[in-house]
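The structure appears below as structure tokens.
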Amino acid sequence: MKTESRKQEIINAASVLFKEKGYSAVTMRDLAKSMGIKAASLYNHIQSKQEILSTIIIDLAEEFTSGMNRIVNSEVSSIQKLENIIDLHIDVTLRNADGLASLNNDWMHLEEENLQYFEQMRHDYEESFRNIVKKGVDKAEIKAYSIEIIVFSTLSTLRTLYLWYPKQNDIDADILKHDMVSVLLQGVV
274 MKTESRKQEI INAASVLFKE KGYSAVTMRD LAKSMGIKAA SLYNHIQSKQ
324 EILSTIIIDL AEEFTSGMNR IVNSEVSSIQ KLENIIDLHI DVTLRNADGL
374 ASLNNDWMHL EEENLQYFEQ MRHDYEESFR NIVKKGVDKA EIKAYSIEII
424 VFSTLSTLRT LYLWYPKQND IDADILKHDM VSVLLQGVV
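Residue numbers (our numbering): 274 to 462.
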């Protein structure tokens with residue numbers, strides 16, 4: 274098993290602190306204290322708190338983007354694509370619930386270039402999701418409910434999964450996937 278790099282350890286510790294306190298409230302001293310090291314030692318591995326935030330958010334956004342691109346380009350039904358999107362969100366949440374807090378709550382603190390890049394990825398992701406739903410409605414695979422309500426209700430649920438799932442001690446990941454697919458798609462299939 275590959276051990277984490279020191280930089281990755283710093284990013285992981287920061288993800289936890291950002292989730293607990295929010296990006297703005299966390300200092301480099303807080304981060305160093307949580308890791309049991311001196312603040313100056315952090316700078317041997319990272320340049321700034323902004324670099325940490327950018328790494329967390331951009332890496333996750335790129336993971337979602339590449340997953341969505343694979344799903345969009347797959348030769349499966351719209352329903353199967355929606356199931357695959359739900360699975361993608363669950364998989365990412367199970368691996369990095371702490372990072373998703375920053376993705377959802379702290380993205381506006383990104384500096385200009387990264388902010389624009391993130392906003393474009395988010396826009397493209399939502400547009401891809403919307404297009405899958407539209408195609409499903411056009412093919413009568415999905416009931417002709419309001420596309421915007423389907424997009425909003427599904428993505429809102431998936432985006433907040435990181436808050437809910439860690440508190441669930443009795444729900445297995447496979448059950449989560451099965452039941453979320455069933456619950457989220459039952460009304461549209």
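From the three backbone atoms N, C-alpha and C, an ideal C-beta is built for every residue, glycine too.
Going straight from the alpha carbon of methionine 308 to that of glutamate 385, what length do you get?
To locate residue 308, count along the sequence shown from 1; it is residue 35. To locate residue 385, count along the sequence shown from 1; it is residue 112. Using only the alpha carbons, I get a separation of about 29 Å.
Give me the Cα-Cα distance between glutamate 356 and serine 321, rounded to the nearest whole angstrom.
Taking the sequence shown and counting its residues from 1, one reaches residue 356 at position 83. Taking the sequence shown and counting its residues from 1, one reaches residue 321 at position 48. Roughly 38 Å between the two C-alpha positions.
Does DSSP put serine 347 in a helix, in a strand, or in coil?
As a working mapping, residue 347 is identified with position 74 in the sequence shown. In the structure shown, serine 347 sits in coil (DSSP, three-state: anything other than H, G, I, E or B).
Three-state secondary structure (DSSP) at tyrosine 296?
Position 23 of the sequence shown, counting from 1, holds the residue named residue 296. Here tyrosine 296 sits in helix by DSSP.
Should the stretch 359 to 367 be called in touch with the stretch 408 to 424, which here means at least 3 C-beta pairs below 8 Å?
no
Backbone secondary structure at methionine 274 - three-state DSSP
Position 1 of the sequence shown, counted from the start, is the residue given in the question as residue 274. Caution applies to methionine 274, whose pLDDT of 48 falls short of 50 and renders its modelled position unreliable; the model cannot decide the point.
If you run the structure through DSSP and keep just helix, strand and coil, what is alanine 305?
Position 32 of the sequence shown, counted from the start, is the residue given in the question as residue 305. Helix.
Contact between the stretch 329 to 346 and the stretch 388 to 407: three or more CB pairs below 8 Å?
yes
Distance check for isoleucine 415 and glutamate 282, CA to CA, integer angstroms please.
As a working note, residue 282 is residue 9 in the sequence shown. As a working note, residue 415 is residue 142 in the sequence shown. Straight-line Cα distance between these residues: approximately 43 Å.
Count the other CB atoms, across all protein chains shown, that sit within 10 Å of the CB of alanine 374; report buried if there are 16 or more and exposed otherwise.
Locating residue 374 in the sequence shown gives position 101, where the first residue counts as 1. Buried.
With three or more beta-carbon pairs closer than 8 Å as the criterion, would you say the stretch 296 to 307 touches the stretch 363 to 370?
no
Counting along the chain, where does the alpha helix (DSSP H) carrying glutamate 386 start and finish?
Looking up residue 386 in the sequence shown gives position 113. Counting along the chain, the alpha helix (DSSP H) containing glutamate 386 begins and ends at 385 to 411.
Which first and last residues belong to the alpha helix (DSSP H) in which tryptophan 437 is found?
Taking the first residue of the sequence shown as position 1, residue 437 is located at position 164. Unbroken alpha helix (DSSP H) run through tryptophan 437: 434 to 437.
In whole angstroms, what separates the C-alpha of glutamine 323 from that of leucine 383?
On the sequence shown, residue 323 is found 50 positions in, with the first residue counted as 1. On the sequence shown, residue 383 is found 110 positions in, with the first residue counted as 1. So the two alpha carbons sit approximately 7 Å from each other.
Under the three-state reduction of DSSP, which class applies to isoleucine 329: helix, strand or coil?
Taking the first residue of the sequence shown as 1, we reach residue 329 at position 56. Reduced to three states, the DSSP call for isoleucine 329 is helix.
CB-CB length for isoleucine 405 against serine 351, believed under 8 Å:
Translated into positions along the sequence shown, residue 405 becomes position 132. Translated into positions along the sequence shown, residue 351 becomes position 78. At roughly 5 Å, the Cβ-Cβ gap stays under 8 Å, so isoleucine 405 and serine 351 are in contact.
Residue span of the alpha helix (DSSP H) that contains serine 321, given as start and end:
The count along the sequence shown starts at 1 and reaches residue 321 at position 48. First-last for serine 321: undefined, no H or E at that position.
For asparagine 442, name the three-state secondary structure that DSSP assigns.
Residue 442 sits at position 169 when you count from the first residue of the sequence shown. Three-state DSSP puts asparagine 442 in coil, outside helix and strand.
Work out the CA separation of glycine 295 and asparagine 378 for me, nearest whole Å.
As a position in the sequence shown, residue 378 is number 105, starting the count at 1. As a position in the sequence shown, residue 295 is number 22, starting the count at 1. Each residue's Cα considered, the two are about 8 Å apart.
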